[in-house]
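Take 3 as the starting number for the sequence shown in the numbering used here and just add one per residue.
C-beta: ideal position from N, C-alpha, C; glycine also.
Predicted model only: the values in this text are computed from it and were never measured.
Read through the structure below, which is laid out as structure tokens, and then see the notes.
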Amino acid sequence: MKDRTLWGLTAGTLLLAAGGAWLPHWAIFLVTVALAKGLAVLGLLILWRTGLMSFGQALYFALGGYTAGLLGQYFHVRDAFVLLAGGIAVSAAVAAALGFLIARYREIFFAMLTMAFSMILYGALVKSQVLGSTDGFAIAPATFAGFAPGGAILKLPLFWLACATAYLAALGLHRYLSSPMGALAVAIRDNEIRVEYLGVSVQGAVHVKTVLAAALTGAGGVITALAVGHIDPEMAYWTTSGEFVFVTILSGTGSIAAPFAGSILFELLRSFAVQYSPYTWQLTMGSVLLLLILFVPNGLWSLFGRLLRRAA
Numbered sequence: 003m004k005d006r007t008l009w010g011l012t013a014g015t016l017l018l019a020a021g022g023a024w025l026p027h028w029a030i031f032l033v034t035v036a037l038a039k040g041l042a043v044l045g046l047l048i049l050w051r052t053g054l055m056s057f058g059q060a061l062y063f064a065l066g067g068y069t070a071g072l073l074g075q076y077f078h079v080r081d082a083f084v085l086l087a088g089g090i091a092v093s094a095a096v097a098a099a100l101g102f103l104i105a106r107y108r109e110i111f112f113a114m115l116t117m118a119f120s121m122i123l124y125g126a127l128v129k130s131q132v133l134g135s136t137d138g139f140a141i142a143p144a145t146f147a148g149f150a151p152g153g154a155i156l157k158l159p160l161f162w163l164a165c166a167t168a169y170l171a172a173l174g175l176h177r178y179l180s181s182p183m184g185a186l187a188v189a190i191r192d193n194e195i196r197v198e199y200l201g202v203s204v205q206g207a208v209h210v211k212t213v214l215a216a217a218l219t220g221a222g223g224v225i226t227a228l229a230v231g232h233i234d235p236e237m238a239y240w241t242t243s244g245e246f247v248f249v250t251i252l253s254g255t256g257s258i259a260a261p262f263a264g265s266i267l268f269e270l271l272r273s274f275a276v277q278y279s280p281y282t283w284q285l286t287m288g289s290v291l292l293l294l295i296l297f298v299p300n301g302l303w304s305l306f307g308r309l310l311r312r313a314a
């Protein structure tokens with residue numbers, strides 16, 4: 003039997019990557035950032051299915067971005083693949099250390115504790131003159147396996163890197179969620195005690211999922227930093243985490259493709275809202291979220307699922 007998710011991911015990624023050559027520069031930048039932030043939302047999908055919500059994913063988002071910036075500034079590392087690997091490794095390592103504490107908590111305590119760690123990093127970055135304080139610092143353009151793009155094709159290699167990273171992350175998570183450990187997410191959400199009776203450590207499983215979510219978010223932070231060319235403490239601020247939560251609610255968790263579709267839609271919505279209503283764009287975004295909660299509580303992807311079921 004064919005895996006529809008696998009085929010859908012492959013076809014969608016190939017179409018998006020091929021279409022990049024015809025997209026305007028602003029669209030390439032927007033989709034690159036959207037895919038990067040979609041990685042962070044993909045991490046939240048893991049936690050959401052486990053019955054957890056993090057308001058502190060900005061911690062790992064900033065760690066990924068600052069790792070890329072510091073590697074370039076102090077160690078003169080320019081290769082995008084090395085920077086991406088470094089951001090993922092640092093984010094996962096910090097999450098592995100914090101996970102021994104965070105994995106013990108649930109519900110609002112889990113959410114607030116994650117946000118507390120994020121705000122600690124934000125405070126440290128704001129006070130650090132070496133890291134540019136509130137202004138942050140610029141990042142030199144990345145190279146790709148020794149190739150330094152320039153001119154009109156400056157954004158395309160990073161766009162393709164974002165597409166490939168999103169594809170591999172979604173594919174890996176699809177395999178993980180299909181495994182026994184990944185399938186335990188819903189069981190942990192519904193009844194932790196019964197899962198413990200099966201001989202599985204719930205705290206250990208939550209710990210693993212926290213690290214996976216952090217690694218994905220760190221990857222998103224690296225790609226966003228390279229796309230923007232600048233990093234600052236706002237990457238660690240609670241509003242950044244709130245944006246990830248917003249997109250999670252907007253897209254829903256019915257599919258691993260939902261975070262990327264929702265993130266692209268969110269960036270488009272915000273861009274046009276800022277353009278046509280620069281002083282009230284937050285009101286527009288809040289109104290959209292309110293309408294979604296009222297009429298589509300399972301996210302926009304649930305509408306797509308309904309259409310597929312009707313077609314079948």
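Practice task
Consult DSSP for Ala144 and reduce its assignment to one of helix, strand or coil.
Solution key: coil
Exercise for the section: Return the first residue and the last residue of the alpha helix (DSSP H) that Thr136 is part of. Expected result: First-last for Thr136: undefined, no H or E at that position.
Exercise for the section: Output yes or no for whether 7 Å exceeds the beta carbon distance between Arg51 and Thr250. Expected result: no
Problem - Reduced DSSP secondary structure (H/G/I, E/B, other) of Ile233 - result: Under the three-state reduction of DSSP output, Ile233 falls in the strand class.
Practice task
Excluding the 5 residues preceding and the 5 following Leu158 in the sequence, name in chain order all residues of the same chain whose CB lies nearer than 8 Å to its CB.
Solution key: Gly22, Ala23, Ile30, Pro151
Problem - Which of helix, strand or coil DSSP assigns to Leu115 - result: helix
Problem - Per-residue burial, Tyr62 [other beta carbons within 10 Å of its own, 16 or more giving buried] - result: buried
Exercise for the section: Report all residues from its chain with a CB closer than 7 Å to the CB of Ala42; omit the five preceding and five following residues, and keep chain order. Expected result: Gln59, Phe63, Leu218, Thr219, Gly222, Phe246
Exercise for the section: Starting from Tyr107, follow the alpha helix (DSSP H) in both directions and report where the run begins and ends. Expected result: Tyr107 -> no alpha helix (DSSP H), and no H or E assigned at all.
Problem - Which listed residue (Gly174, Ala99, Asp137) has its alpha carbon closest to that of Ile48 - result: Minimum Cα distance to Ile48 is reached at Gly174.
Practice task
Put Gly21 into one of helix, strand or coil per three-state DSSP.
Solution key: Helix.
Exercise for the section: Using 10 angstroms around the beta-carbon of Tyr124, count the other beta-carbons present and answer buried if the total reaches 16, otherwise exposed. Expected result: buried
Practice task
For the alpha helix (DSSP H) holding Leu292, just list the boundary residues, first then last.
Solution key: 283-297
Handout entry: Integer-rounded CB distance, given that Leu85 should sit under 8 Å from Leu267
Key = Your pair Leu267 and Leu85 does not check out as a contact, with CB atoms roughly 28 Å apart and the cut at 8 Å.
Problem - Supposed close pair Leu37, Phe262 - CB separation, criterion 8 Å - result: 6 Å
Handout entry: Endpoints, alpha helix (DSSP H) assigned at Gly254
Key = First-last for Gly254: undefined, no H or E at that position.
Practice task
Check whether the Cβ atoms of Val210 and Glu194 sit closer than 7 Å, and answer yes or no.
Solution key: no
Exercise for the section: Please confirm whether Leu127 and Val92 have their CB atoms less than 7 Å apart. Expected result: no
Problem - For Val230, the nearest candidate out of Val208, Ala260, Leu160 (CA to CA) - result: Leu160
Handout entry: Terminal residues of the alpha helix (DSSP H) in which Pro159 lies
Key = 158-180
Handout entry: Own chain, CB closer than 7 Å to Gly138, minus 5 neighbours either side, in chain order
Key = For Gly138, where only same-chain residues beyond five positions count, the Cβ hits under 7 Å are His232, Ile233, Asp234, Pro235.
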